[in-house]
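Peer 1:
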Amino acid sequence: MDTLAPGTLREFEAAARARLDPAHYDYFAGGAGDEVTLRANEAAFERLTLLPRVLRGGAKLRTGVTLLGCRAAVPVLVAPTAFHRLADPEGERATARAAAAAETIMIVSMAATVAVEDVAAAAPGARLWFQLYLQPDMAFTERLVRRAEAAGCAALVVTVDSPVLGLRDRDRRNGFLDLPPGLYCENMRDGGRVRPVVLSPEITWEHIGLLREMTALPIALKGVLHPADARLALDHGVAALLVSNHGGRQLDAVPAAVDALPEIAAAVGGAVPVLLDGGVRRGTDVLKALALGADAVAVGRPVVWGLAAGGERGAARVLGLLREEIEHALTLCGCTSIHDLGPDMVRVHGAGPGTARVRDPGPDGGPGAAWRSR
Ligand SMILES: Cc1cc2nc3c(=O)[nH]c(=O)nc-3n(C[C@H](O)[C@H](O)[C@H](O)COP(=O)(O)O)c2cc1C
Ligand SMILES: CC(C)CC(=O)C(=O)O
């Protein structure tokens, strides 16, 4: 990164795009089907407005949050994303160091290209959670859980929105079906071979029960959109929920994550922490999600863009930018703490003329060029 380094998350995407193999860029950027949900995640934040309070004083800001016993200095976690070595040779090691520098939690993907033990070793002091696709072979799932525990992961995040893979048209067109030679899902090594990641429609609530018996780690469910499932999760002893549509990569046509949030938060009623991911690109988006009931958010693609644009420093800068933007927006909202935010401070505003942001499909993609307002 140089003096013209990206100064916004969107500029990071443009910088990453210029560096990445186009098929890999598409894998990271793309969504399922017609990408309606992918676009909706960001558009929904734009339709929400913040109603600031004034004259409330207070200069010292409090942005920290404790989730499942882990302290994060900012209410922004690193969402689990696969294949970081496609973006940077250090891969998930670099991401973990960036998360540690930002004093936040990284959710390590089961489909990481660096083994969870090596991720932990590369970033002493990092706060790691481990994301799991429950494998139908529960004996193998248990071996994975033991590895995550031994590596120091403090929670398991079970992704439940993927009984099969979403229809990823970009990947199909690009013929991107597998990792290039030399890169592997290192957490899937087992007895001298690398197992494929199995996404199984046969997983049920019973498996969540089995997992709870298997481990003392708190279990979060990622990808819950229906309030009835939020209530079932509580019945099954789940310790946190992550409202997510997988960044628009699984079932297209589901609601934007932030639009699904209020109903889930109401169903949970404060019983467990509620997190959200999908479309968070600005500090103001974080404030909107917190005001609507999230305890914290997670970011997926922006961290990958940081990694691709500038390795560990790039990923750290993305997290640092979000922190600066959160602090700035909190101050402008008349808040000294993220806990001062509430639903009274958010309004839904129709996306009328002059407010919509459109993606520039042009090939130049220089920083700042990829997004423009009209
Ligand atoms: C390239 C990529 C890979 C992903 N891999 C995983 C994964 O391995 N496990 C998982 O639970 N979610 C995965 N996700 C979903 C993210 O955890 C998260 O839900 C999503 O990226 C949030 O949306 P955002 O990218 O707009 O922040 C992936 C997302 C992307 C973009
Ligand atoms: C290996 C994949 C299943 C990772 C993933 O969740 C994704 O690409 O969205």
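Counting in UniProt numbering, the sequence shown runs from 1 upward without gaps. Backbone N, C-alpha and C define an ideal beta-carbon position, used for all residues, glycine too. As the structure is a computational prediction, the values presented were derived from the model and not from experiment.
To which residues of the same chain is Cys-70 closer than 7 Å at the C-beta, ignoring the five residues directly before and after it?
Peer 2: Counting from 1 along the sequence shown, the entry for residue 70 is found at position 70. Within the same chain, Cys-70 has close Cβ partners Ile-105, Arg-127 and Ala-154.
Peer 1: Which partner residues does Ser-337 have in the DSSP bridge list?
Peer 2: Numbered from 1 along the sequence shown, position 337 holds the residue referred to as residue 337. Answer by DSSP bridge pairing, in chain order: Arg-62.
Peer 1: I need the boundaries of the alpha helix (DSSP H) containing Ala-271, first residue and last residue.
Peer 2: The count along the sequence shown starts at 1 and reaches residue 271 at position 271. Taken as a continuous stretch (DSSP letters only), Ala-271 belongs to no alpha helix (DSSP H), as it is neither H nor E.
Peer 1: Name, in chain order, the residues that DSSP records as bridge partners for Trp-129.
Peer 2: Counting from 1 along the sequence shown, the entry for residue 129 is found at position 129. The partner list for Trp-129 (beta bridge, DSSP) reads Ile-107.
Peer 1: Just to confirm, does Arg-231 get its C-beta within under 7 Å of one of the non-hydrogen atoms of ligand 2?
Peer 2: Numbered from its first residue, the sequence shown carries residue 231 at position 231. Not under cutoff, so the answer is no.
Peer 1: Rounded to whole angstroms, what is the Cα-Cα separation between Val-304 and Phe-28?
Peer 2: Here residue 304 refers to the residue found at position 304 of the sequence shown. Here residue 28 refers to the residue found at position 28 of the sequence shown. Roughly 8 Å separates the two Cα atoms.
Peer 1: Nearest to Val-198 by alpha carbon, out of Val-119, Ala-111, Ser-244 and Ala-72?
Peer 2: For the purposes of this step, residue 198 is taken as residue 198 along the sequence shown, with counting starting at 1. It is Ala-111.
Peer 1: In angstroms, rounded to a whole number, what distance separates the CA positions of Asp-252 and Phe-176?
Peer 2: On the sequence shown, position 252 is the one that residue 252 refers to. On the sequence shown, position 176 is the one that residue 176 refers to. Approximately 20 Å, taken between the alpha carbons.
Peer 1: In terms of residue numbering, what span does the alpha helix (DSSP H) encompassing Ile-203 cover?
Peer 2: As a first step, residue 203 is located in the sequence shown; it is residue number 203 there, counting from the start. Element bounds for Ile-203: n/a, residue is neither H nor E.
Peer 1: Just curious, the alpha helix (DSSP H) that Thr-284 is in, first and last residue?
Peer 2: By 1-based counting over the sequence shown, the position of residue 284 is 284. Unbroken alpha helix (DSSP H) run through Thr-284: 283-291.
Peer 1: In this structure, how does DSSP classify Thr-159 when only helix, strand and coil are distinguished?
Peer 2: Here residue 159 refers to the residue found at position 159 when the sequence shown is read from its first residue. Looking at Thr-159 - three-state DSSP - the assignment turns out to be strand.
Peer 1: Does Lys-288 pass the burial test, meaning 16 or more other C-beta atoms within 10 Å, or should it be called exposed?
Peer 2: Mapped onto the sequence shown, residue 288 falls at position 288. Under this definition Lys-288 is a buried residue.
Peer 1: Below 8 Å, how does it come out for the segment 331-340 and the segment 112-127: are there three or more Cβ pairs, yes or no?
Peer 2: These segments do not touch.
Peer 1: Can you list, in chain order, the residues of its chain whose CB lies under 7 Å from that of Ser-109, leaving out five sequence neighbours each side?
Peer 2: In the sequence shown, counting from the first residue as 1, residue 109 sits at position 109. Only Pro-80, Thr-81, Ala-82 and Gln-131 meet the Cβ criterion.
Peer 1: For Gly-91, which residues of its own chain have a beta-carbon under 6 Å away from its beta-carbon, when the five flanking residues on both sides are left out?
Peer 2: For the purposes of this step, residue 91 is taken as the residue at position 91 of the sequence shown. Only His-84, Arg-85, Thr-113 and Val-114 meet the Cβ criterion.
Peer 1: According to DSSP, is Arg-56 helix, strand or coil?
Peer 2: Position 56 of the sequence shown, counting from 1, holds the residue named residue 56. Coil at Arg-56, not helix or strand.
Peer 1: Exposed or buried, which one is Gly-166 when buried takes at least 16 other CB atoms within 10 Å?
Peer 2: One-based indexing of the sequence shown puts residue 166 at position 166. By the neighbour-count rule (16 or more Cβ atoms within 10 Å), Gly-166 is buried.
Peer 1: For a test of your reading of the model: does the CB of Met-214 fall under 7 Å from any non-hydrogen atom of ligand 1? Yes or no.
Peer 2: Translated into positions along the sequence shown, residue 214 becomes position 214. Every heavy atom of ligand 1 is 7 Å or more from the Cβ of Met-214, so no.
Peer 1: So for Leu-177, helix, strand or coil by DSSP?
Peer 2: Along the sequence shown, one-based indexing puts residue 177 at 177. Of the three classes helix, strand and coil, the one that applies to Leu-177 here is coil, per DSSP.
Peer 1: Quick one: grab the DSSP three-state call for Arg-323.
Peer 2: By 1-based counting over the sequence shown, the position of residue 323 is 323. It is helical.
Peer 1: Between Lys-222 and the rest of its own chain, which residues show a CB-CB distance below 6 Å, the 5 nearest in sequence each way excluded?
Peer 2: Counted from its first residue, the sequence shown places residue 222 at position 222. So the qualifying residues of the chain are Val-157, Thr-159, Leu-242 and Ser-244.
Peer 1: Taking the Cβ atom as the reference point for each residue, do Glu-299 and Val-65 lie within a distance shorter than 8 Å?
Peer 2: The sequence position of residue 299 within the sequence shown is 299, counting from 1. The sequence position of residue 65 within the sequence shown is 65, counting from 1. Before going on, a small fix: residue 299 reads as Val here, not Glu. Not a contact, by the Cβ cut-off of 8 Å.
Peer 1: CA-CA distance, Gly-237 and Ala-123?
Peer 2: Position 237 of the sequence shown, counting from 1, holds the residue named residue 237. Position 123 of the sequence shown, counting from 1, holds the residue named residue 123. Straight-line Cα distance between these residues: approximately 31 Å.
Peer 1: For Asp-252, name the three-state secondary structure that DSSP assigns.
Peer 2: Translated into the one-based positions of the sequence shown, residue 252 becomes position 252. Asp-252: coil per DSSP, three-state reduction.
Peer 1: Kindly indicate which residue of Pro-75, Leu-307 and Leu-321 has the alpha-carbon position closest to the one of Ala-315.
Peer 2: Position 315 of the sequence shown, counted from the first residue, corresponds to residue 315. Nearest of Pro-75, Leu-307 and Leu-321 to Ala-315, Cα basis: Leu-307.
Peer 1: For Pro-196, which of Asp-34, Asp-137 and Leu-330 has the nearest alpha-carbon?
Peer 2: Start at 1 with the first residue of the sequence shown, and residue 196 comes out as number 196. When only C-alpha atoms are compared, the closest one is Asp-137.
Peer 1: With Glu-149 and Leu-217 assumed to form a contact (beta carbons below 8 Å), what rounded beta-carbon distance in angstroms separates them?
Peer 2: In the sequence shown, counting from the first residue as 1, residue 149 sits at position 149. In the sequence shown, counting from the first residue as 1, residue 217 sits at position 217. Between Leu-217 and Glu-149 the Cβ distance is about 6 Å, and since that is below 8 Å, they are a contact.
Peer 1: Please work out which residues of its chain come closer than 6 Å, Cβ to Cβ, to Thr-284, disregarding the five sequence neighbours upstream and downstream, and give them in chain order.
Peer 2: Residue 284 sits at position 284 when you count from the first residue of the sequence shown. Closer than 6 Å at Cβ, skipping near neighbours: Ala-329.
Peer 1: Spatial neighbours of Pro-163 within its chain, please: CB distance less than 6 Å, with the 5 preceding and 5 following residues excluded, ordered by chain position.
Peer 2: Taking the first residue of the sequence shown as 1, we reach residue 163 at position 163. Excluding residues within five positions, the ones whose Cβ falls inside 6 Å are Pro-201.
Peer 1: Indicate whether Val-76 and Ala-296 have their beta-carbon atoms separated by less than 8 Å.
Peer 2: The residue labelled residue 76 in the question sits at position 76 within the sequence shown. The residue labelled residue 296 in the question sits at position 296 within the sequence shown. Yes.
Peer 1: State the CB to CB distance for the pair Leu-211 and Ile-219, rounded to an integer number of angstroms; the pair is presumed to be in contact (CB under 8 Å).
Peer 2: Residue 211 sits at position 211 when you count from the first residue of the sequence shown. Residue 219 sits at position 219 when you count from the first residue of the sequence shown. Between Ile-219 and Leu-211 the Cβ distance is about 6 Å, and since that is below 8 Å, they are a contact.
Peer 1: Should the segment 318-326 be called in touch with the segment 38-55, which here means at least 3 C-beta pairs below 8 Å?
Peer 2: As far as the Cβ criterion goes, the segment 318-326 does not touch the segment 38-55, which means the pair count is below three.
Peer 1: Between Leu-134 and Asp-190, what straight-line distance do the alpha-carbon atoms span, to the nearest angstrom?
Peer 2: Working through the sequence shown from its first residue, we reach residue 134 at position 134. Working through the sequence shown from its first residue, we reach residue 190 at position 190. The alpha-carbon atoms of Leu-134 and Asp-190 are separated by roughly 15 Å.
Peer 1: At what residues does the alpha helix (DSSP H) containing Arg-93 begin and finish?
Peer 2: One-based indexing of the sequence shown puts residue 93 at position 93. 92-101 is the extent of the alpha helix (DSSP H) around Arg-93.
Peer 1: How is the alpha helix (DSSP H) around Ala-233 delimited, first residue to last?
Peer 2: Here residue 233 is taken as the residue at index 233 of the sequence shown, counted from 1. Note, Ala-233: alpha helix (DSSP H), 227-235.
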